[in-house]
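**Student:** My questions all concern the structure below.
Residue numbers (our numbering), protein chains in the order written: chain E, 65 to 230; chain V, 2 to 103.
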């Protein structure tokens with residue numbers, strides 16, 4: 065059951081991710097990216113990360129992607145124009161990418177040959193209570209620094225986005 | 002076999018990361034390049050949550066949480082930069098934004 069669930073949503077995630085890369089129209093890429101994020105939320109639930117799954121849907125699929133689609137609509141971004149790439153990219157791009165993927169998969173298989181299997185309910189420490197307790201005790205300082213980061217980001221976005229005064 | 006091997010999750014994460022790198026390298030639209038970065042961040046988040054499951058610890062979830070917060074802040078600033086670039090140059094193609102090239 066868990067394997068079937070994993071396979072369904074892993075395939076959805078990979079197909080949607082391929083769609084993000086190959087679609088020429090930005091809005092199609094954005095909708096595919098929402099598909100990736102949604103299926104990753106299901107996989108988080110499978111891994112026992114309830115809070116992170118909810119945050120994934122709310123923060124990523126909700127807030128961040130709405131911001132992306134808003135900017136795409138605001139700028140009226142059309143399909144991107146095809147033009148010649150450099151020779152290096154054409155010759156080396158795909159082989160180097162496959163080499164990266166192969167290397168990553170090789171080390172994953174070497175490091176985790178037959179480690180613990182994942183089954184639903186095998187780890188229940190990812191509740192909002194557990195995450196909140198760690199967040200406000202062990203990770204209190206990073207949490208506060210993060211709030212400062214958000215403040216700076218908001219100010220930066222406002223400064224960048226405002227009209228010139230003179 | 003009712004248990005999913007942990008390496009499958011990590012391999013999925015690697016595949017998504019490689020696809021994000023591909024989009025970052027091959028696409029020419031600023032917005033799509035930016036979305037590829039988000040795809041890579043999501044792939045890394047999946048790795049964090051998987052390791053958190055393996056180690057039976059909540060720390061990976063906290064890292065994922067911070068990555069999400071930084072990604073949200075990055076999206077806000079990055080999209081503001083895209084708006085400014087479009088306002089100044091009327092283009093969304095990264096090949097046309099080459100002031101520092103020569």
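Quick reminder that beta carbons are idealized off the backbone N, C-alpha and C, glycines included.
#1: Beta-carbon separation of residue 69 of chain E and residue 43 of chain V under 7 Å?
#2: Which of helix, strand or coil does DSSP assign to residue 60 of chain V?
#3: In chain order, what residues of the same chain lie with their CB nearer than 6 Å to the CB of residue 47 of chain V, ignoring the 5 residues before and after it?
#4: Looking at the C-beta of residue 89 of chain V, does it have a partner C-beta in chain E at a distance below 7 Å?
#5: Closer than 7 Å, CB to CB, is residue 72 of chain E near chain V or not?
#6: Would residue 144 of chain E count as contacting chain V if we go by Cβ distances under 7 Å?
#7: Indicate whether residue 194 of chain E and residue 59 of chain V have their beta-carbon atoms separated by less than 7 Å.
#8: In whole angstroms, what separates the C-alpha of residue 72 of chain V from that of residue 171 of chain E?
#9: Mind checking if residue 78 of chain V is an interface residue toward chain E, Cβ cutoff 7 Å exclusive?
#10: If we count the other Cβ atoms within 10 Å of its Cβ and call it buried at 16 or more, is residue 90 of chain E buried or exposed?
#11: If you drop the 5 nearest sequence neighbours on each side, which residues of the same chain put their C-beta closer than 8 Å to that of residue 28 of chain V?
#12: Is there a Cβ from chain E that is less than 7 Å from the Cβ of residue 69 of chain V?
#13: Give me the chain B residues within the contact set of residue 36 of chain V, using Cβ-Cβ distance strictly less than 8 Å, ordered along the chain.
#14: Nearest to residue 141 of chain E by alpha carbon, out of E/175, E/98, E/92 and E/160?
#15: Looking only at its own chain, which residues have a Cβ that is under 8 Å from the Cβ of residue 200 of chain E, when we skip the five neighbours before and after it?
#16: By the criterion of Cβ-Cβ separation under 9 Å, what are the contact partners of residue 111 of chain E in chain V?
#17: Pick from V/77, V/70 and V/56: whose alpha carbon is nearest that of residue 133 of chain E?
**Tutor:** According to the data block:
#1: Position 5 of the first chain holds residue 69 of chain E. Position 42 of the second chain holds residue 43 of chain V. Their beta carbons are not under 7 Å apart, which means residue 69 of chain E does not touch residue 43 of chain V by this criterion.
#2: Working through the second chain from its first residue, we reach residue 60 of chain V at position 59. Three-state result, residue 60 of chain V: helix.
#3: Residue 47 of chain V sits at position 46 when you count from the first residue of the second chain. Exclusion of the five residues before and after residue 47 of chain V leaves 14 as the residues of its chain whose Cβ lies within less than 6 Å of its Cβ.
#4: Position 88 of the second chain, counted from the first residue, corresponds to residue 89 of chain V. Any Cβ of chain E closer than 7 Å to the Cβ of residue 89 of chain V would place that residue at the interface, and such an atom is absent.
#5: Looking up residue 72 of chain E in the first chain gives position 8. Nearest CB-CB separation between residue 72 of chain E and chain V: not below the 7 Å threshold.
#6: In the first chain, counting from the first residue as 1, residue 144 of chain E sits at position 80. Yes, residue 144 of chain E counts as interfacial toward chain V.
#7: The residue you call residue 194 of chain E lines up with position 130 of the first chain. The residue you call residue 59 of chain V lines up with position 58 of the second chain. The beta carbons of residue 194 of chain E and residue 59 of chain V sit closer together than 7 Å.
#8: Mapped onto the second chain, residue 72 of chain V falls at position 71. Mapped onto the first chain, residue 171 of chain E falls at position 107. CA-to-CA, the gap between residue 72 of chain V and residue 171 of chain E works out to about 27 Å.
#9: For the purposes of this step, residue 78 of chain V is taken as residue 77 along the second chain, with counting starting at 1. Cβ-Cβ to chain E under 7 Å: yes for residue 78 of chain V.
#10: Looking up residue 90 of chain E in the first chain gives position 26. Buried: at least 16 other Cβ atoms inside 10 Å.
#11: The sequence position of residue 28 of chain V within the second chain is 27, counting from 1. So the list reads 34 and 37, once near-sequence residues are dropped.
#12: The residue labelled residue 69 of chain V in the question sits at position 68 within the second chain. Chain E contact via Cβ: present.
#13: Although the question refers to chain B, the structure presented lacks it and instead comprises the protein chains E and V.
#14: Numbered from its first residue, the first chain carries residue 141 of chain E at position 77. With distances taken between Cα atoms, residue 141 of chain E lies closest to E/92.
#15: Position 136 of the first chain, counting from 1, holds the residue named residue 200 of chain E. So the qualifying residues of the chain are 207.
#16: Residue mapping note: residue 111 of chain E aligns to position 47 of the first chain, counting from 1. Taking a Cβ-Cβ threshold of 9 Å, the residues of chain V close to residue 111 of chain E are 10, 47, 50, 51, 53 and 54, in chain order.
#17: Within the first chain, numbered from 1, the residue matching residue 133 of chain E stands at position 69. Proximity to residue 133 of chain E across V/77, V/70 and V/56 peaks at V/77, based on C-alpha coordinates.
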